[in-house]
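S.K.: The following block contains the structure, expressed as structure tokens.
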Amino acid sequence: MERKPKITVVGSINMDLVTITSRLPKLGETVFGDRFQMNPGGKGANQAVASARLGAHVRMIGRVGSDSFGKDILRHLQQEGVDISNVEPVTDQSTATATITVSDQENSIIVVPAANNDVTAAFVESKRDVIADSDIVILQLEIPLEAVKKAAEIAKANGVTVILNPAPIQELPSEWVPYIDYFTPNEHEQTMLKKSIGAERLDGKLIVTKGSQGVFIHDGGSEMNIPAYSIDVVDTTGAGDAFNGGLAVALSRGLSLQEACRFGNAVAALSTTKLGAQTGMPTMAEVEAFIKKQAQ
């Protein structure tokens with residue numbers, strides 16, 4: 001039996017509270033919405049589910065609150081095949097929430113980090129053995145920066161490949177660069193990343209996702225485009241997280257960077273054919289069938 005890749009995700013776990021309405025209310029106004037739904041989210045949890053559905057052995061390192069949202073999310077992650085033994089509830093703290101209002105004209109999002117702020121450097125340090133026993137570690141920026149840095153340092157010291165999805169984008173110190181193997185920003189995040197770190201320091205480590213334009217690998221001063229797959233899009237929520245999960249799984253299976261980006265593109269494309277971030281993540285069988293069909 002083929003060995004399952006060991007992927008550890010250190011990051012955020014949210015409950016997304018989504019209201020769909022024809023228009024947003026004006027100040028002081030009440031409007032009727034069309035529908036409401038609760039979806040497990042957070043970039044960390046999204047990437048963990050994406051990797052798990054692709055057949056990897058995925059361990060999640062994070063925090064939830066001691067509330068019903070936390071219990072529901074842990075149950076959901078377990079059902080998705082994610083190892084939650086390193087997700088610890090925070091006593092007397094709420095689970096992180098993203099309150100999202102979607103209208104015909106615009107969207108609004110309020111994120112309350114709550115328990116995600118308790119993913120501290122000390123908490124990550126307590127998971128050193130888990131990080132060290134990984135093929136790849138995936139990181140994002142929805143937990144405290146010192147915790148992200150600590151996870152990257154531990155991984156690098158133990159020869160573990162590190163993927164940093166720098167979202168939501170923040171100014172990052174240039175001293176982070178040696179600890180990161182691949183930065184995976186979108187086009188907007190790439191611009192800010194280059195300003196804070198410097199383009200020359202990112203060369204050979206930068207993979208830029210550009211939606212329908214595909215993925216651009218920056219290496220040795222040159223830029224290589226891996227085209228996106230053409231597909232009927234239903235919902236792009238979580239497509240970037242799907243790409244990162246696919247990239248990690250492909251790299252851990254020994255594919256070249258170009259092949260891994262092509263695989264990640266297929267995972268991201270399929271994720272946009274269903275509503276919701278985690279619910280839209282495809283399985284390995286679905287991705288392989290899709291790639292085979294595209295090649296015909």
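Going by full-length UniProt numbering, 236 is the number at position 236 of the sequence shown; the sequence numbering is gapless. The beta-carbon is built from N, C-alpha and C at its ideal position, and this holds for glycine as well.
1) Could you give the DSSP three-state label for R3: helix, strand or coil?
2) On a CA-only basis, which of V112, Q37, R35, G33 is nearest V64? Give me that one, please.
3) Would you mind working out which of F69, T99, G238 sits nearest I20, comparing C-alpha positions?
4) Just mark P25 as buried or exposed, buried being the case when its beta carbon has 16 or more other beta carbons within 10 Å.
5) Go ahead and pull the three-state DSSP assignment for Y229.
6) Could you check the C-alpha separation between G55 and I110 for me, to the nearest Å?
7) If I'm right that V130 touches A147 with Cβ under 8 Å, what's the distance once you round it to whole angstroms?
8) Are the beta-carbon atoms belonging to S196 and E223 less than 8 Å from one another?
9) For the beta strand (DSSP E) containing S85, list its first residue and its last residue.
10) What do you reckon, are the CB atoms on K156 and Y179 nearer than 8 Å?
11) Can you tell me whether DSSP reads S196 as helix, strand or coil?
12) Between the beta-carbon of A242 and the beta-carbon of K43, is there less than 8 Å?
13) In or out: H218 buried (at least 16 other Cβ within 10 Å) or exposed?
14) What residue from N158, D72, P173 has the CA that sits closest to G41's CA?
15) Could you give the first and the last residue of the continuous alpha helix (DSSP H) run that contains M284?
16) For N52, which residues from the same chain have a beta carbon less than 7 Å from its beta carbon, with the 5 sequence-adjacent residues on both sides left out?
17) Residue 313 and E142: beta carbons closer than 8 Å?
18) For the alpha helix (DSSP H) holding Q79, just list the boundary residues, first then last.
19) Could you tell me if D67 is buried or exposed, where buried requires 16 or more neighbouring beta carbons within 10 angstroms of its beta carbon?
20) Among D135, Q37, I154, which has the Cα closest to the Cα of L247?
21) When the Cα of D232 is compared with those of C261, S256, E200, A266, which residue comes out closest?
22) Scan the region 114-166 and note each continuous beta strand (DSSP E) run of 3 residues or more that stays entirely inside, going in chain order.
23) Taking just the CA atoms, how far does A132 sit from A121?
24) Given this structure, state the Cα-to-Cα distance separating P282 from E175, to the nearest angstrom.
25) Which partner residues of N107 appear in the DSSP bridge assignment?
26) Between V90 and Q47, is the Cβ-Cβ spacing less than 8 Å?
M.R.: In short, the structure shows the following:
1) Reduced to three states, the DSSP call for R3 is coil.
2) Taking each of V112, Q37, R35, G33 in turn and checking the Cα distance to V64, the smallest one comes out for V112.
3) It is T99 whose Cα lies nearest to the Cα of I20.
4) exposed
5) coil
6) 33 Å
7) Beta-carbon to beta-carbon, V130 and A147 are separated by about 14 Å, too far to satisfy the 8 Å threshold.
8) no
9) 82-90
10) Their beta carbons are under 8 Å apart, which means K156 touches Y179 by this criterion.
11) helix
12) no
13) buried
14) Residue nearest to G41 within the set N158, D72, P173 is D72 (criterion: CA-CA distance).
15) For M284, the enclosing alpha helix (DSSP H) stretches over residues 284-295.
16) Residue identity check: residue 52 is Ala in the sequence provided, not Asn. Excluding five sequence positions before and after A52, the CB atoms of its chain that fall closer than 7 Å to its own CB belong to V58, E80, G81, V82, given in chain order.
17) Outside the displayed range of the chain (1 to 296) lies residue 313, so it cannot be described from this structure.
18) 68-79
19) buried
20) D135
21) A266
22) 136-139, 161-164
23) 15 Å
24) 36 Å
25) V102
26) At least 8 Å separates the beta-carbon of V90 from that of Q47.
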